[in-house]
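Respectively, the protein sequence lines represent chains A and B.
If you're matching positions, the first sequence starts at 184 in my numbering and goes up one per residue.
If you're matching positions, the second sequence starts at 3 in my numbering and goes up one per residue.
We put the CB at the ideal spot given by N, CA and C, even for glycine.
The next block holds one structure in the form of structure tokens; read it before the comments.
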Amino acid sequence: GDSVTQMEGPVTLSEEAFLTINCTYTATGYPSLFWYVQYPGEGLQLLLKATKADDKGSNKGFEATYRKETTSFHLEKGSVQVSDSAVYFCALSGTNSGYALNFGKGTSLLVTP
Amino acid sequence: GAGVSQSPSNKVTEKGKDVELRCDPISGHTALYWYRQRLGQGLEFLIYFQGNSAPDKSGLPSDRFSAERTGESVSTLTIQRTQQEDSAVYLCASSSPSGRVAGELFFGEGSRLTVL
């Protein structure tokens, strides 16, 4: 079945460092891909998405490009801030189960001053 | 409220007891999802509602789990005869008709269930 694999954390970075969180997927067809973020004490929220190959999703300085040839959707940010500390989830959506999302295990990011 | 509301936020119960978890979706959101997150694991899809109909119950782990939804409003996830492996955070999400297709789900903060 469809699945998502993302790098395990926790990831600890200093403020202004470059961030990459790897995500690869296995799917039949052409799913949409997502990054969700969960800040401490809050519910998961959509960070960015891409719906077809070569699309780049971006939001709040984060970017991810839908790479069909490598089945990847890596999350990047050029300069992280302390406020980016959160758990990041990669996800994909097919057309079954009411468009329910398949999530990865999440990657915890801690940014230190 | 403005967001998805779940209650209780924390529940500690004894093995063998029944528990009910409640989800209040965002007003007007027709789709509602339940997920489970065990410690160190990803989100596990349990069930999906479109209105008060549940087209897909395939994710429910066993017949001890059931869920219902009243109209396009509150949903209740019931776990009967709880077991220790049921300990997890249970997440509810809702989505508008257009948001559902776009993959934009709005999540509650979850209900943390601990079975002793």
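Selection of the segment 19-37 of chain B by Cβ proximity to chain A, strictly under 7 Å: Answer set for the segment 19-37 of chain B: 33 and 35.
Measure from the C-beta of residue 104(B) to each C-beta in chain A and report whether the shortest distance is under 9 Å. Cβ-Cβ to chain A under 9 Å: yes for residue 104(B).
Note down, in chain order, every chain B residue with its Cβ under 8 Å from the Cβ of residue 229(A). Those within 8 Å of residue 229(A) in chain B are 105, 106 and 107.
Using a C-beta to C-beta distance shorter than 7 Å, which residues of chain B count as neighbours of residue 283(A)? Correct list: 35, 47 and 50.
Three-state class that DSSP yields for residue 2(B) in the structure shown: Lying outside 3 to 118, the shown extent of chain B, residue 2(B) is not represented and no answer is given.
Counted within 10 angstroms of its Cβ, other Cβ atoms place residue 198(A) as buried (16 or more) or exposed: Classification of residue 198(A): exposed, given that the 10 Å Cβ count is below 16.
Below-9 Å beta-carbon distance, residue 219(A) vs any chain B residue: Yes, contact with chain B.
Under a Cβ-count criterion, where at least 16 other Cβ atoms within 10 Å of its own Cβ denotes burial, should residue 16(B) be classed as buried or exposed? Around the beta carbon of residue 16(B), fewer than 16 other beta carbons sit within 10 angstroms, so the residue counts as exposed.
Quick one, which of 296(A), 222(A), 223(A) and 259(A) has its alpha-carbon nearest residue 239(A)'s? A check of alpha carbon separations from residue 239(A) across 296(A), 222(A), 223(A) and 259(A) identifies 259(A) as the nearest.
Collapsed DSSP secondary structure at residue 4(B) in the structure displayed: If DSSP states are grouped into helix, strand and coil, residue 4(B) belongs with coil.
Minimum C-alpha distance to residue 87(B) - residue among 96(B), 118(B) and 108(B): For residue 87(B), the closest of 96(B), 118(B) and 108(B) by C-alpha to C-alpha distance is 118(B).
List the whole-angstrom C-beta distance separating residue 226(A) from residue 110(B), where the pair is believed to meet the contact cut-off of C-beta under 8 Å. Confirmed, Cβ separation roughly 5 Å.
Just how far apart, CA to CA, sit residue 60(B) and residue 37(B)? As the crow flies, the alpha-carbon of residue 60(B) is around 12 Å from that of residue 37(B).
Is it true that the segment 8-25 of chain B meets the segment 269-278 of chain A, where meeting means three or more beta-carbon pairs spaced less than 8 Å apart? Taking a cut-off of 8 Å on C-beta distances, the segment 8-25 of chain B does not touch the segment 269-278 of chain A, as fewer than three cross pairs fall below it.
Would you say residue 272(A) lies against chain B (beta-carbon separation less than 9 Å)? Yes, contact with chain B.
Under the rule that 16 or more other beta-carbon atoms within 10 Å means buried, what is residue 249(A), buried or exposed? Its Cβ being crowded by 16 or more others within 10 Å, residue 249(A) is buried.
Is residue 246(A) close to chain B? Criterion is C-beta to C-beta, closer than 9 Å. Closer than 9 Å: no.
Which residues, in order along the segment 5-20 of chain B, keep a beta-carbon less than 8 Å from a beta-carbon of chain A? Those would be 5 and 6, in chain order.
Residue 71(B) and residue 53(B): beta carbons closer than 9 Å? Note that the C-beta distance between residue 71(B) and residue 53(B) is below 9 Å.
Status (buried if at least 16 other CB within 10 Å, exposed otherwise) for residue 267(A): So residue 267(A) counts as buried.
Less than 9 Å between the C-beta atoms of residue 62(B) and residue 89(B), yes or no? Between residue 62(B) and residue 89(B), the CB-CB gap reaches or exceeds 9 Å.
For the beta strand (DSSP E) containing residue 57(B), list its first residue and its last residue. Note, residue 57(B): beta strand (DSSP E), 55-58.
Taking three-plus beta-carbon pairs below 8 Å as touching, is the segment 241-256 of chain A in contact with the segment 215-231 of chain A? The segment 241-256 of chain A is in contact with the segment 215-231 of chain A.
Applying a beta-carbon distance threshold of less than 8 Å, which residues of chain A neighbour residue 111(B)? Scanning chain A for C-beta atoms nearer than 8 Å to the C-beta of residue 111(B) yields 224, 225 and 226, reported in chain order.
When 85(B), 48(B) and 76(B) are compared against residue 68(B), the one with the closest alpha-carbon: Of 85(B), 48(B) and 76(B), the residue nearest in Cα terms is 48(B).
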